[in-house]
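Position in the sequence shown (from 1) plus 1 gives the number in the working numbering.
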Amino acid sequence: MCGIVALIGSREAAPQLLEGLRQLEYRGYDSAGIATVEADGSPGAPGRLHCLRAEGKLVNLTARWEAEGAPGHCGIGHTRWATHGKPEERNAHPHLDGSGRLAVVQNGIIENHRTLREELQAEGVTFLSDTDTEVIPHLVARRLRELGAEGHAADAALLLRAVQEVLPLLHGAYALAVVWADVPGALVVARRQAPLLIGLGEGEFLCASDTPALAGFTRTILPLEDGEVALLTPLGIELYNAAGARVQRTPSLLSGTEHVADKRSFRHFMLKEIHEQPETAALWVARHLPEGALVALPLDEAFYEGVEEIEILACGTSRHAAQVGAYLLEQLAGIPTNVFYASEFRYAPPPLVPGMLTIGVTQSGETADTLAALAMEQERRLGHGDPAYAPKLLGITNRPESSLSRMVPHLLDIGAGIEVGVAATKTFLGQLLAFYGLALAFAERRLAAGAPVGRDRQGLETLVAELRALPQQLQQLVDDHDRRCTELAHLFADTQDVIFLGRGINYPIAMEGALKLKEISYIHAEGYPAGEMKHGPIALLDARVPVVSIAMPGMVFDKVLSNAQEAKARDAQLIGVAPAGPDTALFDTLLPVPEVDELLSPLLTVIPMQLLSYHIAAHRGLDVDQPRNLAKSVTVE
Ligand code: M6R
Numbered sequence: 002m003c004g005i006v007a008l009i010g011s012r013e014a015a016p017q018l019l020e021g022l023r024q025l026e027y028r029g030y031d032s033a034g035i036a037t038v039e040a041d042g043s044p045g046a047p048g049r050l051h052c053l054r055a056e057g058k059l060v061n062l063t064a065r066w067e068a069e070g071a072p073g074h075c076g077i078g079h080t081r082w083a084t085h086g087k088p089e090e091r092n093a094h095p096h097l098d099g100s101g102r103l104a105v106v107q108n109g110i111i112e113n114h115r116t117l118r119e120e121l122q123a124e125g126v127t128f129l130s131d132t133d134t135e136v137i138p139h140l141v142a143r144r145l146r147e148l149g150a151e152g153h154a155a156d157a158a159l160l161l162r163a164v165q166e167v168l169p170l171l172h173g174a175y176a177l178a179v180v181w182a183d184v185p186g187a188l189v190v191a192r193r194q195a196p197l198l199i200g201l202g203e204g205e206f207l208c209a210s211d212t213p214a215l216a217g218f219t220r221t222i223l224p225l226e227d228g229e230v231a232l233l234t235p236l237g238i239e240l241y242n243a244a245g246a247r248v249q250r251t252p253s254l255l256s257g258t259e260h261v262a263d264k265r266s267f268r269h270f271m272l273k274e275i276h277e278q279p280e281t282a283a284l285w286v287a288r289h290l291p292e293g294a295l296v297a298l299p300l301d302e303a304f305y306e307g308v309e310e311i312e313i314l315a316c317g318t319s320r321h322a323a324q325v326g327a328y329l330l331e332q333l334a335g336i337p338t339n340v341f342y343a344s345e346f347r348y349a350p351p352p353l354v355p356g357m358l359t360i361g362v363t364q365s366g367e368t369a370d371t372l373a374a375l376a377m378e379q380e381r382r383l384g385h386g387d388p389a390y391a392p393k394l395l396g397i398t399n400r401p402e403s404s405l406s407r408m409v410p411h412l413l414d415i416g417a418g419i420e421v422g423v424a425a426t427k428t429f430l431g432q433l434l435a436f437y438g439l440a441l442a443f444a445e446r447r448l449a450a451g452a453p454v455g456r457d458r459q460g461l462e463t464l465v466a467e468l469r470a471l472p473q474q475l476q477q478l479v480d481d482h483d484r485r486c487t488e489l490a491h492l493f494a495d496t497q498d499v500i501f502l503g504r505g506i507n508y509p510i511a512m513e514g515a516l517k518l519k520e521i522s523y524i525h526a527e528g529y530p531a532g533e534m535k536h537g538p539i540a541l542l543d544a545r546v547p548v549v550s551i552a553m554p555g556m557v558f559d560k561v562l563s564n565a566q567e568a569k570a571r572d573a574q575l576i577g578v579a580p581a582g583p584d585t586a587l588f589d590t591l592l593p594v595p596e597v598d599e600l601l602s603p604l605l606t607v608i609p610m611q612l613l614s615y616h617i618a619a620h621r622g623l624d625v626d627q628p629r630n631l632a633k634s635v636t637v638e
């Protein structure tokens with residue numbers, strides 16, 4: 002949540018800061034701001050701080066900068082997703098100390114901000130915002146005074162020391178950057194449980210919450226580890242660990258184009274990302290379904306040993322992928338599996354059992370709830386002492402350089418390329434594919450060991466053969482449903498509620514269809530297991546409530562069709578996501594999906610869900626890529 006950038010070098014900072022913020026706008030977009038320090042020209046002389054902030058999207062801040070300017074070769078910037086305080090200009094970052102010479106941007110939550118605020122207020126400090134962040138500039142300024150900054154020549158080491166000594170006072174997770182007009186050539190950044198990396202340019206450094214902000218600047222990065230603090234000057238980086246000891250680390254290189262976000266000719270990133278799914282699938286097939294083998298994953302044999310149960314921790318769309326994954330791991334691989342909302346797990350974990358594999362699923366690799374749940378599980382298992390209870394953590398993510406990746410020993414990188422639209426689409430498909438791979442890999446090994454699994458060897462090979470055909474099927478579906486859903490969208494012009502129904506392995510897809518529609522079109526939508534309708538929700542139905550029903554041939558086909566009939570009898574408009582044929586003639590509108598093995602059907606049924614939501618929202622003229630109140634990476638608990 003929120004994106005921060007910070008630059009120091011020899012060029013004007015503001016244009017690069019604004020460009021960095023543009024690339025990070027997916028992290029929050031209710032207000033934005035920058036602060037730059039303009040040097041006086043003579044060495045050692047204090048400079049001037051320029052701070053610009055604006056409510057709303059980044060264009061508003063850019064307009065202010067064009068009108069007012071913000072000179073200086075050193076600066077910080079922030080794009081906000083409100084946690085503490087309404088999305089108003091006075092709550093936008095950067096926040097300043099009382100003198101207006103020290104500025105801070107922060108991503109995270111300072112949990113003890115109330116106590117700190119009261120303490121500072123008792124000392125006479127006046128607060129200008131409702132944010133948790135504003136305590137930081139006041140605390141750093143107070144520490145600078147205590148260290149004797151006034152009356153002595155200020156230097157970068159003093160700023161570094163003041164920040165280092167304030168950090169232990171802050172509880173919570175944060176990434177922050179600090180500039181001080183008295184030292185125009187220095188920048189201090191720090192992180193604890195929130196992402197921050199430094200991009201190394203030529204004689205300049207750009208720090209950011211995420212790699213897209215570095216596009217066109219550098220590919221050489223130095224991700225900060227938890228608890229680290231860095232002092233940056235045009236001459237170099239001084240890195241310190243939480244204990245204050247100097248740390249040396251070799252920078253790494255960003256590979257591929259994972260940090261380039263380009264809309265191409267599509268109207269929205271979301272539509273482009275839906276259209277990229279055949280490619281996501283083709284890449285996955287090429288990497289993980291090699292000829293002559295069932296499935297190849299980058300996990301060593303020891304990983305599969307001793308796994309008796311699986312628990313999956315995730316949020317939102319990632320949790321829906323996890324629910325499909327759990328179905329596969331139980332029904333195909335025969336391993337008892339439970340899925341938890343990461344935000345709930347931490348406060349009500351199930352009793353410890355031995356032989357547990359814990360999987361964290363997060364496309365961004367930065368979701369605070371998921372990371373905190375994983376950390377808690379790791380800690381309580383380590384505390385148990387019996388090796389049978391030792392933690393075994395696997396991460397499934399689209400961001401192999403994320404905080405998640407540094408936390409878990411085993412990783413499946415879904416390799417979908419950067420996803421900018423707040424509504425997850427191609428990363429959902431990538432997560433599903435990761436679970437298909439994992440379930441197949443477990444099933445193969447358990448079959449060989451004589452354990453009960455859902456298919457014999459021939460059955461597993463048939464599934465893999467069908468998976469190889471997935472990219473072409475997806476291509477056809479995306480092209481076809483893009484057109485169909487454009488036409489269908491006008492039917493939803495006045496719709497206020499939609500029900501999505503599915504059963505078995507397609508129940509999570511009904512949930513995902515409802516979530517997609519809610520988040521980008523603001524239409525109220527619910528996803529239900531189709532058989533559950535008659536136990537209450539059916540009371541909602543009338544001619545004004547469309548029902549989208551996923552009916553794929555297999556174990557529950559007839560049941561789902563009967564449930565759809567029940568809805569039709571209540572005058573609901575029925576939209577079917579199902580193969581064309583006499584059985585599915587009951588639907589008022591059909592979004593046809595080819596008949597495949599029921600276990601593979603979610604990979605296809607999700608496409609009309611995504612396109613339907615997209616076209617309804619686009620038809621309503623809404624901001625599809627940046628829906629209200631949301632952010633792509635939810636880095637606060
Ligand atoms: O980065 P993550 O996969 O951990 O994100 C989890 C959710 O915040 C995310 O899936 C959210 O529900 C999306 N906006 C869904 O489109």
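The beta carbon of each residue, even a glycine, is placed where N, CA and C say it ideally should be. Just so you know, these numbers come straight off a predicted model, no measurement behind them.
| Query | Result |
| --- | --- |
| Continuous beta strand (DSSP E) assignments of at least 3 residues falling wholly in the segment 299-327 | 310-315 |
| Short Cβ contact (8 Å threshold) for Leu-575 with Asp-589 | yes |
| His-85, enclosing alpha helix (DSSP H) - first and last residue | Unbroken run through His-85: none, as it is neither H nor E. |
| Between the CA atoms of Leu-489 and Ile-524 - distance to the nearest angstrom | 15 Å |
| Any non-hydrogen atom of the ligand M6R closer than 7 Å to Ala-373 Cβ | no |
| Host beta strand (DSSP E) of Pro-224 (start-end) | 221-224 |
| Collapsed DSSP secondary structure at His-536 in the structure displayed | helix |
| Among Arg-571, Leu-233, Asp-31 and Ala-231, nearest to Asn-92 - alpha-carbon criterion | Asp-31 |
| Sheet register partners of Cys-208 (DSSP bridge) | Ala-7 and Ile-199 |
| Buried versus exposed call for Gly-366 [16 or more other C-beta atoms within 10 Å across all chains shown] | buried |
| Pro-279 and Leu-475 closer than 8 Å at C-beta | yes |
| Distance between Asp-572 and Thr-636 (C-alpha atoms, nearest Å) | 43 Å |
| Cβ contact check for the segment 2-13 and the segment 172-191: 3 or more pairs under 8 Å | yes |
| Exposure of Gly-125, with buried meaning 16 or more beta-carbon neighbours within 10 Å | exposed |
| Start-to-end residues for the alpha helix (DSSP H) that takes in Arg-288 | 278-289 |
| Residue environment, Asn-630, which counts as buried when at least 16 other CB atoms sit within 10 Å | exposed |
| Classification of Arg-81 by the beta-carbon crowding that lies within 10 angstroms, buried from 16 upward | buried |
| Proximity test, Ser-344 beta-carbon vs the ligand M6R heavy atom, cut-off 7 Å | no |
| Exposure of Ser-266, with buried meaning 16 or more beta-carbon neighbours within 10 Å | exposed |
| Cys-316: CB within 7 Å of a non-hydrogen atom of the ligand M6R | yes |
| Cβ-heavy atom distance, Leu-201 to the ligand M6R, below 7 Å | no |
| Close Cβ partners of Glu-331 (< 7 Å) along its chain, the five nearest in sequence each way excluded | Pro-337 and Thr-338 |
| Near the ligand M6R: Leu-516 beta-carbon under 7 Å from a heavy atom | yes |
| Nearest candidate by alpha-carbon position, reference Phe-206, set Glu-599, Lys-569, Leu-18 and Arg-146 | Leu-18 |
| Distance, Pro-554 Cα to Gln-473 Cα | 20 Å |
| Continuous beta strand (DSSP E) stretch holding Gly-173: start and end | 173-181 |
| Same chain, Cβ closer than 8 Å to Val-409, neighbours up to 5 away in sequence not counted | Gly-361, Leu-375, Leu-394, Leu-395 and Gly-396 |
| Given 8 Å, three or more beta-carbon pairs between the segment 34-47 and the segment 184-194 | yes |
| Close-in-space but distant-in-sequence residues of the same chain around Gly-10 (CB under 7 Å, 5 per side omitted) | His-74, Gly-202, Gly-204, Glu-205, Phe-206 and Pro-235 |
| Cβ of Leu-631 within 8 Å of any chain B Cβ | Looking at the structure shown, chain B is missing, and only one protein chain is on hand. |
| Residue range of the unbroken alpha helix (DSSP H) whose run includes His-482 | 471-489 |
| Own chain residues within Cβ distance below 6 Å of Leu-329, not counting five before or after | Phe-436 and Ala-440 |
| Minimum C-alpha distance to Ala-315 - residue among Tyr-342, Gly-451 and Ser-602 | Tyr-342 |
| Any non-hydrogen atom of the ligand M6R within 7 Å of Ser-522 CB | no |
| Boundaries of the beta strand (DSSP E) in which Val-190 is found, first to last residue | 188-193 |
| Any beta strand (DSSP E) of 3 or more consecutive residues that is wholly inside the segment 103-160 | 103-111 |
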